[in-house]
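Numbering of the sequence shown is given in my numbering, commencing with residue 1261 and proceeding in unit increments.
The beta carbon of each residue, even a glycine, is placed where N, CA and C say it ideally should be.
The structure appears below as structure tokens.
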Amino acid sequence: MIYQLRTYTVNKGMMDDWVSLFNDKIIAIQENYGIKVEAAWVNLDRNQFIWIRSLQTRTMLKPRKQHSMLHRNGTQSWITLEVT
């Protein structure tokens, strides 16, 4: 079993949108690839989103790009997530 600890610094004012995107879309994308999200939390003092995921084998680490659109105040922002 392989565990990865990931830390993302999120732009100020975007944390709620990021957490919603993560919960609504990203977890499902991870699960589609057989990757389990073990835990996720927010460090508000540093504007960081931290999460742990687990994979069965190293072969599951092939790069894959996922594109998501994040809507905020009537504008659209594209996010490219590269799962490595």
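Separation of W1301 and D1284 (C-alpha to C-alpha, rounded to the nearest whole angstrom) is 15 Å.
Annotation for L1315: I1262 and I1295 place their beta carbon closer than 6 Å to its own, counting only its chain and skipping 5 residues before and after. In the displayed model, I1295 falls within coil according to three-state DSSP, outside both helix and strand.
Under the criterion of beta carbons closer than 8 Å, K1272 and N1307 qualify as touching, at roughly 6 Å.
Beta bridge pairing from DSSP links I1262 with L1315.
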